[in-house]
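**Q**
Protein chains: 2
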Amino acid sequence: MKYLDILLALLKLGVRCDRTVLITTQELGRLLNISQQSASRLLCRLEKEGYIQRESSPIGTKVSLTSKAMGELLEAYKILHKTFTGLQYEMILCGKVFTGLGEGKYYVTLPYYYRMWQEKLGFSPYPGTLNIRLEPEYIRLRKILENIPAIEIKGYSNKLRSYGGVKCFKGEIENIECALLLIERTHYGPDVIEIIAPVCLREKLKLKDGDKVKVRVKL
Amino acid sequence: MKYLDILLALLKLGVRCDRTVLITTQELGRLLNISQQSASRLLCRLEKEGYIQRESSPIGTKVSLTSKAMGELLEAYKILHKTFTGLQYEMILCGKVFTGLGEGKYYVTLPYYYRMWQEKLGFSPYPGTLNIRLEPEYIRLRKILENIPAIEIKGYSNKLRSYGGVKCFKGEIENIECALLLIERTHYGPDVIEIIAPVCLREKLKLKDGDKVKVRVKL
DNA sequence: ATTACTAAAAGACGAGTAA
DNA sequence: TTTACTCGTCTTTTAGTAA
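Structure, rendered in structure tokens:
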């Protein structure tokens with residue numbers, strides 16, 4: 413939590429985990445009320461300690477935030493959200509249901525993953541994923557999810573096959589417990605999320621392709 | 413924004429603008445990874461710079477946050493909220509409509525205040541206030557509103573009469589533009605807010621006493 | 001323009017300790 | 001037990017300046 417004020421200043425300048433911004437140490441210094449030299453040293457240190465990615469040149473420094481920074485900012489956000497709303501923070505994502513190619517079903521039921529769902533998510537999922545194509549304004553949030561702490565299922569390879577990693581968030585979809593999966597090796601773009609749940613969401617919620625759904629992610 | 417990490421640590425310990433907590437410099441030091449001495453110095457400084465109220469004794473220090481601190485925390489919260497939700501922050505308050513004693517109408521139309529509404533809120537209000545008794549869980553939020561920057565209408569006295577100050581927040585009630593008023597000299601308790609709007613909200617929204625309404629405050 | 005080095009000054013730190 | 005002072009040390013800062 414040591415660099416919160418500085419990370420916040422970077423957010424103010426438009427820097428994100430998925431957005432690199434060219435800033436000068438002078439303007440950063442002005443924003444933080446420190447000298448250009450201190451701002452320069454600060455960026456060096458933030459990089460060394462893993463909070464930013466950085467590329468300096470004679471015209472300025474290109475900066476983006478790392479997952480470590482996003483994680484700390486989220487921690488701060490959670491405390492503040494609790495303070496200013498009295499509520500636990502949930503990220504809400506909206507999108508439309510679509511039918512995939514059936515690989516979801518295949519992966520969910522692979523023994524390695526199936527054990528992991530039970531162990532790390534605490535439920536045995538219905539064999540299949542609900543594919544959701546996010547509305548454009550939510551893609552930014554999905555990218556944030558990629559960069560904050562989550563329930564991680566590590567990928568691994570043996571001689572026979574290799575398993576990609578999966579990042580999971582517990583949540584709810586129309587009041588039904590579910591988990592949002594960010595699948596490392598997916599052929600879908602950054603606008604797609606996959607959901608698993610103990611029940612068949614398509615049936616339970618009577619969903620057809622194109623139906624709009626709202627997923628609440630608990631962070 | 414300099415003491416954000418420290419103010420956040422205080423929030424974590426349960427300190428609020430309306431809640432004094434007894435803490436020891438030792439535990440604060442442990443939380444911030446600094447010595448007891450530095451934590452002590454820090455609290456002195458926070459007090460001197462107007463971020464906390466403080467009362468130290470041989471059993472510890474009673475600490476509460478000032479409006480200045482709440483304002484800075486809110487600034488941080490707004491940036492983070494924008495980052496993590498993509499939305500502007502709004503505080504939502506819920507409560508039930510009730511009928512007052514008619515003083516709302518009297519005050520709203522007093523020439524001094526009427527000029528102020530027009531000047532500072534940008535509309536000419538319907539002559540009357542909508543009184544709302546907040547549900548218990550929202551009283552905390554009302555107290556936060558009291559302690560953050562707002563549109564201020566200063567009170568003043570002359571020989572004839574004295575006018576109390578009013579703190580205003582712009583907002584919406586069921587999609588109708590309105591303003592929430594926190595009236596300095598009110599005989600209502602901290603669970604009551606008063607709303608003014610360019611239209612008669614009771615008529616427009618067909619409200620009866622006891623009806624539940626939701627006010628969105630834009631911060 | 002920039003970034004970022006060096007050196008000297010300023011400020012922050014914890015140990016010891018009084019109250 | 002507390003808080004919070006002094007003091008010596010160490011860290012951080014800025015000004016000057018090189019690249």
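Just so you know, the sequences run in chain order A and B.
Numbering of the first sequence is given in the working numbering, commencing with residue 413 and proceeding in unit increments.
Numbering of the second sequence is given in the working numbering, commencing with residue 413 and proceeding in unit increments.
Backbone N, C-alpha and C fix where the C-beta goes; we use that ideal spot for every residue, glycine too.
(1) Is Thr-478 of chain A helix, strand or coil by DSSP?
(2) Would a check of beta-carbon distances place Lys-424 of chain A closer than 8 Å to chain B?
(3) Can you list, in chain order, the residues of its chain whose CB lies under 6 Å from that of Ile-560 of chain A, leaving out five sequence neighbours each side?
(4) Ordered along the chain, which non-local residues of its own chain (more than five positions away) have a Cβ less than 8 Å from that of Leu-557 of chain B?
(5) May I ask which residues mark the beginning and end of the beta strand (DSSP E) holding Ser-468 of chain B?
(6) Can you name, in chain order, every residue of its own chain whose Cβ lies under 6 Å from the Cβ of Pro-539 of chain B, other than the five neighbours on each side?
(7) Give the list of continuous alpha helix (DSSP H) stretches no shorter than 4 residues that lie fully inside the segment 419-458 of chain A.
(8) Just reading off the beta strand (DSSP E) that Leu-505 of chain B is part of, what are its end residues?
(9) When you compare only the Cα positions, how much space is there between Lys-532 of chain B and Leu-443 of chain A?
(10) Taking Cβ positions only, does Ile-608 of chain A come closer than 8 Å to chain B?
(11) Against Lys-555 of chain A, what residues of chain B qualify as contacts under a CB-to-CB distance less than 8 Å, listed in chain order?
(12) How should Glu-606 of chain A be labelled, buried or exposed, when 16 other C-beta atoms within 10 angstroms of its C-beta is the threshold for buried?
(13) Which of helix, strand or coil does DSSP assign to Ile-605 of chain B?
(14) Who are the neighbours of Met-503 of chain B on chain A, taking C-beta pairs under 9 Å?
(15) List the endpoints of the continuous beta strand (DSSP E) containing Val-520 of chain A.
(16) Below 9 Å on C-beta distance, what does Asp-430 of chain A contact in chain B?
(17) Would you say Asp-603 of chain B and Arg-545 of chain B are within 8 Å of each other, going by their C-beta atoms?
(18) Please state the DSSP three-state secondary structure of Lys-525 of chain A.
(19) I'd like to confirm the pairing. Which residues does DSSP put opposite Val-627 of chain B in its beta bridges?
(20) If we count the other Cβ atoms within 10 Å of its Cβ and call it buried at 16 or more, is His-599 of chain A buried or exposed?
(21) Among B:Phe-496, B:Thr-473, B:Glu-461 and B:Pro-523, which has the Cα closest to the Cα of Arg-573 of chain B?
**A** So, from the listed chains and residues:
(1) Coil, per DSSP.
(2) yes
(3) So the list reads Met-482, Gly-483 and Leu-486, once near-sequence residues are dropped.
(4) Met-503, Lys-579, Phe-581, Leu-592, Leu-594 and Val-629
(5) 464-469
(6) Lys-517, Val-520 and Thr-521
(7) 437-444
(8) Counting along the chain, the beta strand (DSSP E) containing Leu-505 of chain B begins and ends at 502-510.
(9) 29 Å
(10) no
(11) Under the 8 Å cutoff, chain B gives no residues; its nearest Cβ is about 11 Å from Lys-555 of chain A.
(12) buried
(13) strand
(14) Phe-496 and Thr-497
(15) Following the DSSP letters along the chain, one finds Val-520 of chain A in no beta strand (DSSP E) but inside the alpha helix (DSSP H) bounded by residues 515-521.
(16) Those do not exist, as Asp-430 of chain A stays about 11 Å from chain B at its closest Cβ, beyond 9 Å.
(17) yes
(18) In the sequence as displayed, the identity of residue 525 of chain A is Tyr instead of Lys. It is helical.
(19) B:Leu-505 and B:Ile-585
(20) exposed
(21) B:Pro-523
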